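Residue numbers (my numbering): 13 to 119.
All residues carry an ideal CB built from backbone N, CA and C; glycine is no exception.
What you are looking at is a predicted structure, and each value in this text was computed from that prediction instead of being measured.
Comments concern the structure below.
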């Protein structure tokens, strides 16, 4: 069985460092614009949606997607987590993964 691709957890401030890579981002949907959306993940992240993305305003969503050169994220998969997410705790997890990246992912 093939290994699953590595998808580091990031927030908006990490986008520059992860251009052209597939990542995971947990954020709150703050704007829906047809084939695009904006989530807040410690800053705004512009998303390019696929036809099978079904996001809801003010819901938490985990995005697996590729960071584009313009720092938008092309969504590969989106999972709705509803409204009960503690973003402070989730952001702390992201902080730990970057502090100890050798455990969680490689550059």
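When C-alpha distances from residue 28 are compared across 81, 76 and 47, the shortest belongs to 81. Secondary structure of residue 68 (DSSP, three-state): coil. With a beta-carbon spacing of about 11 angstroms, residue 79 and residue 59 fall beyond the 8 angstroms limit used to define contacts. Here residue 61 carries a coil assignment [DSSP, helix/strand/coil]. Annotated three-state conformation of residue 27 is helix, per DSSP. Proximity to residue 95 across 62, 47 and 68 peaks at 68, based on C-alpha coordinates. Burial is judged here by how many other beta carbons sit within 10 angstroms of a residue's own beta carbon; residue 111 has fewer than 16 and is exposed.
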